[in-house]
Amino acid sequence: LFRSHNTKLQEHIAGLISFRSSSGARQSLASAFNFAPFYLKEFLESAGSFDTDIRRLIYMDADVVVTGDVAELLTFDMQSFPCAAVPYCEQRFDSYINFVQLQAMGLAEGQDPDACIANRGLIVVNVEQWEQQEITSKIELWMERYSQSSVDLWFGGMSQPPWLLALGGKNYAQLGQEWNCNGLGRSSMAKAEGQ
Numbered sequence: 149l150f151r152s153h154n155t156k157l158q159e160h161i162a163g164l165i166s167f168r169s170s171s172g173a174r175q176s177l178a179s180a181f182n183f184a185p186f187y188l189k190e191f192l193e194s195a196g197s198f199d200t201d202i203r204r205l206i207y208m209d210a211d212v213v214v215t216g217d218v219a220e221l222l223t224f225d226m227q228s229f230p231c232a233a234v235p236y237c238e239q240r241f242d243s244y245i246n247f248v249q250l251q252a253m254g255l256a257e258g259q260d261p262d263a264c265i266a267n268r269g270l271i272v273v274n275v276e277q278w279e280q281q282e283i284t285s286k287i288e289l290w291m292e293r294y295s296q297s298s299v300d301l302w303f304g305g306m307s308q309p310p311w312l313l314a315l316g317g318k319n320y321a322q323l324g325q326e327w328n329c330n331g332l333g334r335s336s337m338a339k340a341e342g343q
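Residue numbers (the working numbering): 149 to 343.
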């Protein structure tokens, strides 16, 4: 992304971020680059690196270790989903999302507290569906709601929760577990997560 650096876009993203220590999130996550996976096309367009024939974009966190052929991700059947990710059922939606507050605000409809989260460390974006379903706009809407709320709408993360909410917990194609070795790059995790 350094080659595709866009100061205006970075400032736009930074303006949407609200950090609260009460959420339990690490302050280092309050970076515009933590939200970069949701703006891949925009970063590439600003660098003149986006071809309109591109149908998929693949994002991997910096701590991803690739041991196979990622070309499989280009042919994976995504149906009409806006993205593909690995489901992670050791954590559920309610471990990130404050459903009591969402219900109080009338925003819990369509969200399942028991749904597995999706791991954001590897995302395959179906460019056409991502745009048609306005996923980035939905993420930004959840960021604005968080900023305007006097109570934390989510805990322990900055970019993961609004992405999960924008997808409604289910609006993604599920990649197999072989695409995720849970725990790499994390400084702490529950014992059950490492089993």
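Glycine included, every Cβ here is placed at the ideal spot set by N, Cα and C.
- Along the segment 176 to 264, the beta strand (DSSP E) occurs as fully enclosed runs of 3 or more residues at 204 to 208, 231 to 240, listed in sequence order.
- For residue 259, the CB contacts under 8 Å within the same chain, skipping 5 residues up- and downstream, are 241, 245, 247, 250, 313, 316, 317 in chain order.
- In the DSSP assignment, residue 275 falls within the unbroken alpha helix (DSSP H) covering 275 to 280.
- In the structure shown, residue 305 falls within a coil segment according to DSSP collapsed to helix, strand and coil.
- DSSP, reduced to helix, strand and coil, places residue 173 outside both helices and strands of the structure shown, so it counts as coil.
- Boundaries for residue 316: no alpha helix (DSSP H) harbours it, and the DSSP string shows neither H nor E there.
- Judged by pairs of C-beta atoms under 8 Å, the segment 285 to 302 touches the segment 160 to 171, as three or more such pairs exist.
- Contact between residue 227 and residue 321 is confirmed by a C-beta separation of about 6 Å, below the 8 Å threshold.
- The beta carbon of residue 299 lies closer than 6 Å to those of 249 in the same chain, with the five residues before and after it left out.
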